[in-house]
Structures are given as C-alpha cells and as structure tokens.
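Working notes for the structure below.
2 protein chains.
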Amino acid sequence: MRIPARRVLADDVYEQIRALIMGDGIAPGARVNIDELARQLDVSPTPVREALARLESEELVSRLPLRGYSVTDLLNRKQVDDLYSLRLLLEPPSAALAAARMTPEFAGQIEEELATCPAAPADDAYDDYKNLTAHDQRLHELILRIAGNEAVLQSFAKTHCHLHLFRLNFQQPFGVQTITEHRAIVDALVARDEAGASAAMTAHLEIARARLLDRM
Amino acid sequence: MRIPARRVLADDVYEQIRALIMGDGIAPGARVNIDELARQLDVSPTPVREALARLESEELVSRLPLRGYSVTDLLNRKQVDDLYSLRLLLEPPSAALAAARMTPEFAGQIEEELATCPAAPADDAYDDYKNLTAHDQRLHELILRIAGNEAVLQSFAKTHCHLHLFRLNFQQPFGVQTITEHRAIVDALVARDEAGASAAMTAHLEIARARLLDRM
DNA sequence: GGACCTTTGATCCTATAGGATATTTGACGG
DNA sequence: CCGTCAAATATCCTATAGGATCAAAGGTCC
Numbered sequence: 001m002r003i004p005a006r007r008v009l010a011d012d013v014y015e016q017i018r019a020l021i022m023g024d025g026i027a028p029g030a031r032v033n034i035d036e037l038a039r040q041l042d043v044s045p046t047p048v049r050e051a052l053a054r055l056e057s058e059e060l061v062s063r064l065p066l067r068g069y070s071v072t073d074l075l076n077r078k079q080v081d082d083l084y085s086l087r088l089l090l091e092p093p094s095a096a097l098a099a100a101r102m103t104p105e106f107a108g109q110i111e112e113e114l115a116t117c118p119a120a121p122a123d124d125a126y127d128d129y130k131n132l133t134a135h136d137q138r139l140h141e142l143i144l145r146i147a148g149n150e151a152v153l154q155s156f157a158k159t160h161c162h163l164h165l166f167r168l169n170f171q172q173p174f175g176v177q178t179i180t181e182h183r184a185i186v187d188a189l190v191a192r193d194e195a196g197a198s199a200a201m202t203a204h205l206e207i208a209r210a211r212l213l214d215r216m
Numbered sequence: 001m002r003i004p005a006r007r008v009l010a011d012d013v014y015e016q017i018r019a020l021i022m023g024d025g026i027a028p029g030a031r032v033n034i035d036e037l038a039r040q041l042d043v044s045p046t047p048v049r050e051a052l053a054r055l056e057s058e059e060l061v062s063r064l065p066l067r068g069y070s071v072t073d074l075l076n077r078k079q080v081d082d083l084y085s086l087r088l089l090l091e092p093p094s095a096a097l098a099a100a101r102m103t104p105e106f107a108g109q110i111e112e113e114l115a116t117c118p119a120a121p122a123d124d125a126y127d128d129y130k131n132l133t134a135h136d137q138r139l140h141e142l143i144l145r146i147a148g149n150e151a152v153l154q155s156f157a158k159t160h161c162h163l164h165l166f167r168l169n170f171q172q173p174f175g176v177q178t179i180t181e182h183r184a185i186v187d188a189l190v191a192r193d194e195a196g197a198s199a200a201m202t203a204h205l206e207i208a209r210a211r212l213l214d215r216m
C-alpha cells in the first residue's frame, strides 16, 4: 500500500507560488527572481524552476529565455470575451450530451454538488469567493465529465478559465441569479432535456459574460 | 541588436526528446530514465528534467512523483473519436467566423498556404508525411487565426491533435480527397460564404474521422 | 552634449554531488 | 510452493557552485 499521491518539494513550491500570484503577493507583469523567490520560500532554486515551468503551461507566468519568468497580465476585455465565446462552443453541446447520458447516479452527484454550494460561508470575503469559484468550476467540469468526452473536458480544464477569471477578482459574480441559473441547468439535465440543458447553459454563460464585461 | 530567439540547452534537449518520441526512438509506454537520457544526449540531467516538464504539458510524457516519467500511449479509438468531436465543436463555427472576417490579405495568405502543399515531395515517405501534416496544421490554425478568437486558437493548439495523430502514423490520410476538401473550405472562405465554410469544414473533419477510425 | 563602447553587477542556466524514495532481489517462515 | 519481510540497488529529487548571458552604469570619443 502507498500513500496515494506522494508529494515532492516542487509540488509544494508550485502551490505556494500559485497562491502568491492568485493572492497578489506578486503583481501582474512583475519579474520573478528565481533566487529571491527560493530564499523567500526557503528552498533551493531547483524546485522553483520546476514549479515555474509548470506554471508556464497554465499561463500564470511567461518565460523569456535567459531573461527569466514574469507574471502574466490580467485578462483584458477581448480575452474575456474570447474565453466566453470558447465556452459557448464547448459547454452547451456538452450539456445536451450530458442530458442524453444522464443516469440516476450522475443525477445524485450533480444534485449533491449543487447542494454544497450555498452552505459555504467562509470566514472572510476572499475565501468565500474562492470557495464559490471552486464550486462553480466543479459543477461545470462535472457536466463535461457526464457528457463523456475526455478531450473536451481536458480542453476546458486547460483554459483555466476559473483561475483567470478569479484573478480579475470581481466580487459577486455569484448571486442568487447564478444559483438560479445553475438550478435551471441541473433541472434540465436531470429531466434528460437535451435542448433545455443546452439553452440553459447558453443563457448562463451569456449572462455571466455580459455581467463581467460591464464591469471592465 | 539581438539574435531574435536565443536558445538555451533545455530547448535543444526538448526538441531532441520530442523527435525521439515522435520517431519511435522511445516506445510508447516505456519508462524514461533521466540519467540515461542525459548521458545519451551528452548533457546533465538538469536540462533533461526541464525538457520533460514541458513535454508533460503536451502529454507526450506523463509524470509519477518519485517514479519518473514515461512515454504516453498512443491514442485509442475513443480518444481519436473524442478528439474529432472536439474539433467539430471548435472548427466549423470558426470557419464561419473566418468567412465573415475575410479580407484580401487573409485570402492571399490562405491561398498561399494551400499552394505550398502539393509541391512538397520530400526525400523519404516519413518526411513527406511529416511535411503534409505540418501543412494541414498550418492551414487549420490559419483559419482559426483569421476567425480572430485567440482563446479558441490556443485551445486547439493545446490539443496537439496533429502531433498525436501523426504518432498513429497512418500513412496516406492525405490524398487527393483531402486536398479537394481543403480547396472547398478555402473557396467558401474566400467567397465569404459562412454557411458553406462551416459545412465544408464539418464534412472535412467527419470524413477524416471516419477514415481514421476505419483503420483502427 | 550625445552616441558608442567597455565594464560591472545581477540573474539565469548547467553541471555535479549527496540525500531520499521506490523497486528489485534474496531469504525466511508458513 | 507461496506470501511476507528485509537488504541492496537503481532512480529520482534537491542543494550548491560555477560558467554564461543580459541589463545597466560609467567612461571615452566625436
């Protein structure tokens, strides 16, 4: 028997740097000094380099050869718009597919996820928002998982859309409205209503995009 | 002034390992011994580790903590099927968008790319196939670039679909038929025929999928 | 005074060595 | 004979040091 996921130091460093960037411990656009970061985290530069290489793949940092890494800028209007256009290509058809493939077991899972949402009042607003974003991500990814296309799921995951939208840090994209929209999507899914699920997902994404762009 | 892209050793190592995997220098599923590979390439393990970290992001290798890297298996039937389903979600709507945004300059670029295709008889069949795959990739990515949604383009690029399909190494997915299909897509694009471009792209992808699955 | 070159400092990149962990080999007991 | 356990080997992971490169400061010439 084995502890399922043995962690190595680079994994911890990865998480810490990620938290630093997400929590604005390092400003967008700032250069990342490997040695300094290593001293700050009390490790050698080697695992820091490895962690940065991974962070580059999710575009939280960018690398210039022989010049080091720097934190990527926040998404601009066009990038947010494009990102939602991409999601509109992927998610509504996947929701329809998920409705077609719905089983009692899947229905239980998605109802459970939806139930965990409102009952998460964290200590401070920051954690609260973080938990809600994480819930939203789990719900959307669960729908893609039910749809059963691993390529679409991976493609969606690699956009790291929740991560980048979270960086924008617009409090309260979550309101009663979002919960209501989620409820509508899940209802259509459980009812095996393909067209309804697709339409509900489309409406959900378009409203979210409009709400976000209004604030930029 | 500066030589535009200064390369570091890890970049070269990355290319070499990639070529090794693509050219079956390392078999799918095989473990990758970092030290051995470093000796083989006559470098230290450090840049090899960095290169492997990058290769992991395009899923040519997978990492198990404290157990090292191994070459990923070839795509199976379902993965190929899913990959084309994903492309069918992304590319036809993007083709329609590209048709709507078509300009004389874009038209020139895409006609030029199409023209370079048949005139590439390489020395051996392997290089020939490689060149044709590269052409196909450039054409499809150019259409996404014309469509103007960077998120969709990146999402497509990160599937590394041409890379993984190339690994399957089914000679002759390229024939007169593929050229004809490309011609039809480009014609619709240049004519700013949105519905036609979308339909042509859909047909192209569905035929390619059927042809590939038949051989698996 | 401005442009160009040289030098200095900082930073990244690579090599090497040693500690930590997993896998394998062999022995022991049931 | 098979399962379990312990020692040995191989491999990975991390730390450290030095060479290589870039950016900036200072000096010289026009």
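Chains as they are written, first to last, in full-length UniProt numbering: chain V, 1 to 216; chain C, 1 to 216.
In this text, a Cβ means the ideal position worked out from N, Cα and C, and glycines have one as well.
Quick caveat, the model's predicted, so the values are computed rather than measured.
Sub-9 Å separation of residue i and residue j beta-carbons
i	j	result
residue 165 (chain V)	residue 212 (chain V)	yes
residue 114 (chain C)	residue 162 (chain C)	no
residue 201 (chain V)	residue 100 (chain V)	no
residue 97 (chain C)	residue 147 (chain C)	yes
residue 110 (chain C)	residue 142 (chain C)	yes
residue 158 (chain V)	residue 58 (chain V)	yes
residue 167 (chain C)	residue 74 (chain C)	yes
residue 21 (chain V)	residue 61 (chain V)	yes
residue 208 (chain V)	residue 84 (chain V)	yes
residue 203 (chain C)	residue 184 (chain C)	yes
residue 217 (chain C)	residue 10 (chain C)	There is no way to answer for residue 217 (chain C), as the model of chain C reaches only from 1 to 216.
residue 156 (chain C)	residue 135 (chain C)	no
is_contact[residue i, chain C] using C-beta, thresh 9 Å
i	result
residue 7 (chain V)	yes
residue 169 (chain V)	no
residue 57 (chain V)	yes
residue 79 (chain V)	yes
residue 73 (chain V)	no
residue 145 (chain V)	no
residue 149 (chain V)	yes
residue 83 (chain V)	yes
residue 66 (chain V)	yes
residue 264 (chain V)	A query on residue 264 (chain V) cannot be resolved here, the shown segment of chain V reaching from 1 to 216 and no further.
Nearest-angstrom beta carbon gap, residue j and residue i [assumed within contact, 8 Å]
i	j	result
residue 197 (chain C)	residue 205 (chain C)	Not confirmed; about 13 Å, so no contact.
residue 69 (chain V)	residue 88 (chain V)	So it is not a contact: roughly 32 Å between Cβ atoms.
residue 80 (chain V)	residue 216 (chain V)	7 Å
residue 8 (chain C)	residue 66 (chain V)	6 Å
residue 82 (chain V)	residue 149 (chain C)	5 Å
residue 54 (chain C)	residue 14 (chain C)	6 Å
is_contact[residue i, chain V] using C-beta, thresh 9 Å
i	result
residue 1 (chain C)	Here the model assigns residue 1 (chain C) a pLDDT of 37, short of 50, so the residue's position is not dependable, and the following value carries that caveat. Answer no: the Cβ-Cβ gap between residue 1 (chain C) and chain V never drops below 9 Å.
residue 70 (chain C)	no
residue 18 (chain C)	no
residue 128 (chain C)	no
residue 12 (chain C)	no
Per-residue DSSP class, three states only, for residue i
i	result
residue 71 (chain V)	strand
residue 60 (chain V)	coil
residue 49 (chain C)	helix
residue 192 (chain C)	coil
residue 8 (chain C)	coil
residue 31 (chain C)	strand
residue 66 (chain C)	coil
residue 148 (chain V)	coil
residue 102 (chain C)	coil
residue 155 (chain C)	helix
residue 85 (chain C)	helix
residue 26 (chain V)	coil
residue 43 (chain C)	coil
residue 215 (chain V)	coil
residue 92 (chain V)	helix
residue 135 (chain C)	helix
residue 160 (chain V)	coil
### Where the region 153-165 of chain C meets chain V: residues whose CB sits under 7 Å from a CB there
Correct list: 155, 158 and 159.
### Message
Against chain V, which members of the region 26-52 of chain C pass a CB distance test of less than 9 Å?
### Response
Those residues of the region 26-52 of chain C that come within reach of chain V (Cβ to Cβ, closer than 9 Å) are 46, 49 and 50.
### Query
Listed from N- to C-terminal order along the chain, which residues in the region 87-106 of chain C have their beta-carbon within a distance smaller than 7 Å of any beta-carbon of chain V?
Close to chain V, meaning a Cβ-Cβ distance shorter than 7 Å, are the following residues of the region 87-106 of chain C: 89, 90 and 93.
#### Entry: Members of the region 179-210 of chain V near chain C, C-beta cut-off 7 Å
Of all residues in the region 179-210 of chain V, none places a beta-carbon less than 7 Å from a beta-carbon of chain C.
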